[in-house]
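The structure under discussion appears below in the form of structure tokens.
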Amino acid sequence: MARALVAPLAVQAAPWDMIQEKLHNHYAPKPSKIAARHAFYHQNQAEGESINNYTTALRQAAMH
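Note that the UniProt record's numbering has the sequence shown beginning at 1, numbered continuously upward.
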């Protein structure tokens with residue numbers, strides 16, 4: 001897998017930091033904007049949840 005990610009360099013010639021970054025980006029991609037938007041629009045205040053906690057959760061969902 002690393003060979004394909006660092007091509008055209010050889011794995012032995014590639015710096016370790018670059019290999020780690022490429023592998024991390026490959027196995028942990030950025031979250032989907034569409035999925036984040038869906039989660040934001042379907043967020044409801046839970047029964048017994050305070051307004052402060054609900055607005056905090058909305059703000060966090062809006063950032064993603």
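Heads up, the beta-carbon is just placed ideally off N, CA and C, and yes, glycines get one too. It should be emphasised that the depicted structure is a prediction, and the values quoted were computed from it without experimental measurement.
Simplified DSSP assignment, three categories, for residue i
| i | result |
| --- | --- |
| residue 60 | helix |
| residue 36 | helix |
| residue 23 | helix |
| residue 66 | Given that the chain is displayed from residue 1 to residue 64, the structure contains no residue 66 and the question cannot be resolved. |
| residue 5 | helix |
Cβ-based neighbour list, residue i, same chain, cut-off 7 Å, excluding 5 preceding and 5 following
| i | result |
| --- | --- |
| residue 2 | 11, 19 and 23 |
Same chain, Cβ closer than 6 Å to residue i, five either side skipped, listed in chain order
| i | result |
| --- | --- |
| residue 17 | none |
| residue 14 | 6 |
* Asked: Touching or not, the stretch 39-49 and the stretch 11-28, by the rule of three or more beta carbon pairs under 8 Å?
  -> The answer is no - the stretch 11-28 does not touch the stretch 39-49, with fewer than three Cβ pairs under 8 Å.
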